[in-house]
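The numbering of the first sequence is my numbering, which starts it at 222 and goes up by one.
A virtual CB, placed ideally from N, CA and C, is assigned to each residue, including glycine.
Quick caveat: nothing in here was measured; it's all calculated off a predicted structure.
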Amino acid sequence: MPLLVSGEGEAPRRASFPDYLEAVKAIVSLVPPGRVTTYGSIARLLGVSPRLVGALLKANDEPIVVPCHRVVRSNGELGGYSMGGPGVKRRLLELEGVGFDEEGRVRREYIVDVADLIA
DNA sequence: CATCGAACCAACC
DNA sequence: GGTTGGTTCGATG
């Protein structure tokens, strides 16, 4: 059951890409530095498929204002990164204080669910 | 731990 | 009009 949004003076319509993009931006910016969240976590909150979240972040216009590097896979692997490759992504996270294990995965204790951030 | 399949929407060819 | 993506999750061996 997807979200419903209403533009000003416009009939309510089914939320679509740009709308979800806004939501994701807001959510990602809630994640504090030194912590990471997952695609699935966001997806559940918005009621969409995790795949869509990936597509959203890829379509993200401004990676600077929306730190998409703070979103990783649920098993701790980095996932992809459109700009600069995974190496850059890992460096950024390390810079923020996120810990990695020998396998190159984010340690569990650094991963938070967005649900927790709201609660 | 590794593999398989299904769910979902826009972009791309 | 078909394939692909920054994926996930449960089931199975």
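- Distance from the CA atom of Pro-233 to the CA atom of Leu-338, rounded to whole angstroms, is 29 Å.
- If you look at Leu-251, you'll find it isn't in any alpha helix (DSSP H); DSSP assigns it neither H nor E.
- For the 8 Å CB-CB criterion, Val-249 and Arg-291 form a contact.
- Between Leu-267 and Ala-244, the gap from beta carbon to beta carbon is short of 8 Å.
- Under the three-state reduction of DSSP, Val-292 is assigned to strand.
- By the Cβ-count criterion, Lys-310 is buried, with 16 or more other Cβ atoms from all chains shown falling within 10 Å of its own Cβ.
- Closest option to Pro-288, judged by alpha-carbon separation, among Ser-303, Glu-298, Ala-336: Ser-303.
- The residue from Pro-253, Gly-320, Leu-278 with its alpha-carbon nearest to that of Ala-264 is Leu-278.
- Contact between Tyr-241 and Val-269 holds, with the beta-carbon distance rounding to 6 Å and staying under 8 Å.
- DSSP places Val-335 in the helix class (H, G or I) of the three-state scheme.
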